[in-house]
Amino acid sequence: MPTTLSQSDLPGLELIHRGKVRDVYALPGNRLLMVATDRLSAFDVVLPDPIPGKGEMLTQISNFWFAKTAHIIPNHLTGEDVASVLPAGVDPALYAKRAVITKRLKPVPVEAIARGYLIGSGWKDYQATGALCGITLPSGLQQAQKLPEPIFTPSTKAAVGDHDENVSFDAVVAAVGAPLAHAVRDATLKIYAFAAAYAAERGIIVADTKFEFGTDEHGVLHIMDEMLTPDSSRFWPADEYKVGISPPSYDKQFVRDYLERIGWNKKPPAPQVPADVIAGTAAKYAEALDKLAGIRLD
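Take the sequence shown: its position 209, counted from the start at 1, is 209 in the UniProt record's numbering, and no numbers get skipped.
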């Protein structure tokens with residue numbers, strides 16, 4: 001059965017970051033232990049109720065995609081056994097499927113987003129300006145419509161409780177330099193094209209997805225954090241997709257839609273989430289993991 005973990009507790013290890021979902025610990029040898037908890041964030045606010053097994057599902061689907069795309073770009077995984085670094089007395093079963101040992105990289109300070117469809121904040125920006133991250137789009141597009149070609153729409157990396165902000169490619173160049181900005185954009189679009197084609201064969205549309213990148217001590221670009229998960233992507237069932245509406249999804253849009261319905265102002269504290277929404281969200285994540293990767297956390 002999947003485990004439930006709202007917050008990790010690893011005495012003796014140095015906690016260096018507790019994010020919206022992941023707790024990150026320092027390890028010797030320029031490595032990290034990354035733990036995916038069952039916390040869920042929506043609109044950049046962490047909700048009070050965990051989604052049981054979510055961290056395990058996120059980690060398993062990320063690991064699947066890291067392996068699938070290793071021919072495109074290196075990733076942060078070391079492949080080491082998590083149990084080998086856990087403190088004495090900690091139950092390894094609680095961390096086995098939700099934690100990974102990674103290289104400690106220098107993060108590129110940008111959320112690298114690929115969009116193939118017009119939805120979410122992209123749809124709102126388009127309605128207001130006819131453009132997205134400085135890219136002018138054709139007029140007359142509808143909600144959830146497929147774009148003429150996938151586009152790179154970066155955003156700032158917000159702290160916990162703050163909102164990410166869409167920015168132009170020029171802003172990324174100004175922040176990290178042209179060579180790295182171009183490398184991140186190229187990798188983002190290449191991975192998205194590969195994943196979208198793979199998912200399409202399994203009846204799933206990858207509407208958009210968000211990546212994080214880092215560089216190693218030699219300046220080599222790696223993909224890191226998570227990859228093509230229901231937390232970082234919009235997955236739509238192809239057989240239920242329609243232009244003009246927000247399609248049903250395999251991701252946390254299920255929770256977002258509920259929060260929109262109740263009129264929450266999207267500021268902390270977040271409201272309680274009903275048990276049926278929690279169960280429905282867990283089921284959506286599990287279905288995505290099964291359809292994409294053929295993995296079931298029984």
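We put the beta carbon where it would ideally sit given N, CA and C, even for glycine.
All values reported here derive from a predicted model rather than from experimental measurement.
Following the DSSP letters along the chain, one finds I61 in no beta strand (DSSP E) but inside the alpha helix (DSSP H) bounded by residues 54-68. Excluding sequence positions up to five before and after V173, its CB lies within less than 7 Å of the CB of A181, all in the same chain and listed in chain order. Secondary structure at R115: strand, using DSSP grouped into helix, strand and coil. Looking from the CA of A270, the closest CA among P52, V45, E212 belongs to V45. The residues A114, R115, G116, L189, Y192, A193, A196, in chain order, have a CB closer than 8 Å to that of P150 in the same chain once the five nearest residues on each side in sequence are set aside. For W264, there is no enclosing alpha helix (DSSP H), as DSSP marks it with neither H nor E. The three-state reading of DSSP puts F43 in coil, since its state is none of H, G, I, E or B.
Going by DSSP, V206 is part of the beta strand (DSSP E) stretching over 204-215. The region 125-187 is shown to contain whole alpha helix (DSSP H) runs of 4 or more residues at 169-176, in chain order.
Between L10 and Y25, the CB-CB gap stays under 8 Å.
Within the same chain, I51, P52, G53, K54 come within 7 Å of A282 by CB-CB distance, once the 5 residues on both sides are set aside.
Counted as a single uninterrupted DSSP element, the alpha helix (DSSP H) harbouring Y95 occupies residues 92-95. Y250 sits in coil when the DSSP states are folded into three classes, being neither helix nor strand. Per DSSP, A286 is one residue of the alpha helix (DSSP H) stretching across 275-293. Here M57 really is in contact with L297; their C-beta atoms are around 6 Å apart, less than 8 Å.
By DSSP's assignment, R31 forms a beta bridge with L27, K103.
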